[in-house]
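What follows is a single structure, written as structure tokens, with notes after it.
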Amino acid sequence: MHSFRTHTGVISYIMKILIATDFSATAAHAAEYGYLLAKQLKAGVFLCNTIVIPAEVPVSGIAFWSQGDSDTLLADSTEELKQLKAHLQQNDHTNTFRPPVDYINESGTVWYFVNNSAFKQQADVIIAGTHEEDGLGSLLSGNHTIDLIETCIRPLLIIPRTAAFKPIKKIAFATDLEYPENDLQQLYDLIKLAKMLDAEILLTHIKNEADNAVKFEKRIEKFLAEVSDKADYHKIYHRIINQDKVESGLDWLCEHAQIDILAMAHREHGLLENIFKGSHTKRMAGHIAIPLLVYPGTNSRETI
1 MHSFRTHTGV
11 ISYIMKILIA
21 TDFSATAAHA
31 AEYGYLLAKQ
41 LKAGVFLCNT
51 IVIPAEVPVS
61 GIAFWSQGDS
71 DTLLADSTEE
81 LKQLKAHLQQ
91 NDHTNTFRPP
101 VDYINESGTV
111 WYFVNNSAFK
121 QQADVIIAGT
131 HEEDGLGSLL
141 SGNHTIDLIE
151 TCIRPLLIIP
161 RTAAFKPIKK
171 IAFATDLEYP
181 ENDLQQLYDL
191 IKLAKMLDAE
201 ILLTHIKNEA
211 DNAVKFEKRI
221 EKFLAEVSDK
231 ADYHKIYHRI
241 INQDKVESGL
251 DWLCEHAQID
261 ILAMAHREHG
271 LLENIFKGSH
281 TKRMAGHIAI
291 PLLVYPGTNS
301 RETI
């Protein structure tokens, strides 16, 4: 349980959401989405901005960056954070739970400061926007987002610019079942979130004709038996999608299964990594316009 002191008293809340922002239009949209999600979860919001100071200028030589320049950037960042906080709170015209909003900023590397802030502030979820284009394919154009996927110590919810917020009712958890024990642990973490949202979880596997039918059936049966035995949540369903290509199966899932969030685990040589490599992402660009929830891999660091 967290608490936040305001001029009217202390607000208690269960979760804390850290929203990384660079004050771009896509980041502003992600912040608005995150605030509305916080209302549904009755969570606190923590806005986080990293001031990236250039170390050098290519070709033309070294850039001399004074302390005064750094102080100016920090002051500008603080003012932007204050305005973003005011925007979120002033546009909340409901009589329901109003999330407390705080903010933090510092100069440094984006992935390091975001993770360090998430650890120190005991954030449960990190939210970030995509860059430039729409859909998951645009992640390639934003190195900061890719860095967060690679390093995040907390679940990372990535918000495409086209994702309009609506109450979360169904979350798809896509798995290749290559590492079922890891998938189960991340599924149990997802169940905690789903319970708070009263949302369904749709376990999904993209199956192609090359899969060994007998081996596949055994893995499915064992996985579902473990879920049934230990999950303690009645809103879990399972679906196999027959598609030769992973991205085609996920496209179909997002377009036809009426899901609000696609959840996946990040690990080396896993399903998510395969999607973001090479032509997979190019073909997916613009097709998926729902939030992507990335669970950290087993090698993610718990401390910074």
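When you line the sequence shown up against the UniProt record's numbering, it's residues 1 to 304, in that order. For glycine and all other residues, C-beta sits at the position ideal for the given N, C-alpha and C. These numbers come from a predicted model, not from an experiment.
Task: Which of helix, strand or coil DSSP assigns to A163 - done: Stepping through the sequence shown from its first residue, residue 163 is reached at position 163. A163 falls in the coil class under three-state DSSP.
Task: Cβ neighbour criterion (16 or more within 10 Å) applied to E200 - done: Stepping through the sequence shown from its first residue, residue 200 is reached at position 200. E200 counts as buried, since no fewer than 16 other beta carbons sit within 10 angstroms of its beta carbon.
Open item on the list: Rounded to whole angstroms, what is the Cα-Cα separation between A289 and E32?
Closed with: For this step, residue 289 is matched to residue 289 along the sequence shown. For this step, residue 32 is matched to residue 32 along the sequence shown. If you take the alpha carbons of A289 and E32, they lie about 16 Å apart.
Open item on the list: Can you tell me whether F46 is helix, strand or coil according to DSSP?
Closed with: Translated into the one-based positions of the sequence shown, residue 46 becomes position 46. DSSP places F46 in strand when its eight states are reduced to three.
TODO: Please report the residue range of the beta strand (DSSP E) in which I171 lies.
DONE: Position 171 of the sequence shown, counting from 1, holds the residue named residue 171. For I171, the enclosing beta strand (DSSP E) begins and ends at 170-174.
Open item on the list: Less than 8 Å between the C-beta atoms of L293 and I261, yes or no?
Closed with: The count along the sequence shown starts at 1 and reaches residue 293 at position 293. The count along the sequence shown starts at 1 and reaches residue 261 at position 261. Closer than 8 Å, so yes.
Task: Counted within 10 angstroms of its Cβ, other Cβ atoms place Q186 as buried (16 or more) or exposed - done: Walking along the sequence shown from the start, residue 186 turns up at place 186. With 16 or more other Cβ atoms within 10 Å, it is buried.
Task: Spatial distance of N182 from T94 (CA atoms) - done: The sequence position of residue 182 within the sequence shown is 182, counting from 1. The sequence position of residue 94 within the sequence shown is 94, counting from 1. Distance between the alpha carbons of N182 and T94 is about 40 Å.
Task: Start and end residues, alpha helix (DSSP H) containing T26 - done: Indexing the sequence shown from 1 puts residue 26 at position 26. For T26, the uninterrupted alpha helix (DSSP H) segment begins and ends at 25-41.
- [ ] Kindly indicate which residue of I206, L41, K195, P291 has the alpha-carbon position closest to the one of P160.
- [x] In the sequence shown, residue 160 corresponds to position 160, counting from 1. Taking only the C-alpha atoms, the option nearest P160 is P291.
Task: First through last residue of the beta strand (DSSP E) which encompasses Y295 - done: Reading the sequence shown from its first residue, position 295 is the one you call residue 295. Segment 292-295, the beta strand (DSSP E) holding Y295.
- [ ] Consult DSSP for E200 and reduce its assignment to one of helix, strand or coil.
- [x] Position 200 of the sequence shown holds residue 200. Three-state DSSP puts E200 in a strand.
TODO: Measure how close the beta-carbons of Y103 and F23 come, nearest whole angstrom, since I'm counting them as under 8 Å.
DONE: For the purposes of this step, residue 103 is identified with residue 103 of the sequence shown, where counting begins at 1. For the purposes of this step, residue 23 is identified with residue 23 of the sequence shown, where counting begins at 1. 12 Å between Cβ atoms; not a contact.
Open item on the list: Given this structure, state the Cα-to-Cα distance separating I158 from A128, to the nearest angstrom.
Closed with: Taking the first residue of the sequence shown as 1, we reach residue 158 at position 158. Taking the first residue of the sequence shown as 1, we reach residue 128 at position 128. Computed Cα separation, rounded: 5 Å.
Open item on the list: Is it buried or exposed, T21, if we count other Cβ atoms within 10 angstroms and call 16 or more buried?
Closed with: Residue numbering aside, residue 21 sits at position 21 when the sequence shown is read from its first letter. So T21 ends up on the buried side.
Open item on the list: Taking the alpha carbon of H238 as the reference point, which residue from K245, S248, L253, E247 has its own alpha carbon closest?
Closed with: To locate residue 238, count along the sequence shown from 1; it is residue 238. Looking at the Cα atoms, L253 is the closest of the given residues.
Task: Closest by C-alpha distance to M15, when choosing among Q121, F113, L81 - done: Taking the sequence shown and counting its residues from 1, the one referred to as residue 15 is at position 15. Of Q121, F113, L81, the residue nearest in Cα terms is Q121.
- [ ] Assign residue 318 to one of three DSSP states: helix, strand, or coil.
- [x] Because the chain is modelled from 1 through 304, residue 318 falls outside the range shown and cannot be assessed.
TODO: Tell me whether L148 sits in a helix, a strand or coil according to DSSP, three-state version.
DONE: Indexing the sequence shown from 1 puts residue 148 at position 148. Three-state result, L148: helix.
Task: With 16 other Cβ atoms within 10 Å as the buried cut-off, status of P296 - done: Counting from 1 along the sequence shown, the entry for residue 296 is found at position 296. With 16 or more other CB atoms across the displayed protein chains lying within 10 angstroms of its CB, P296 is buried.
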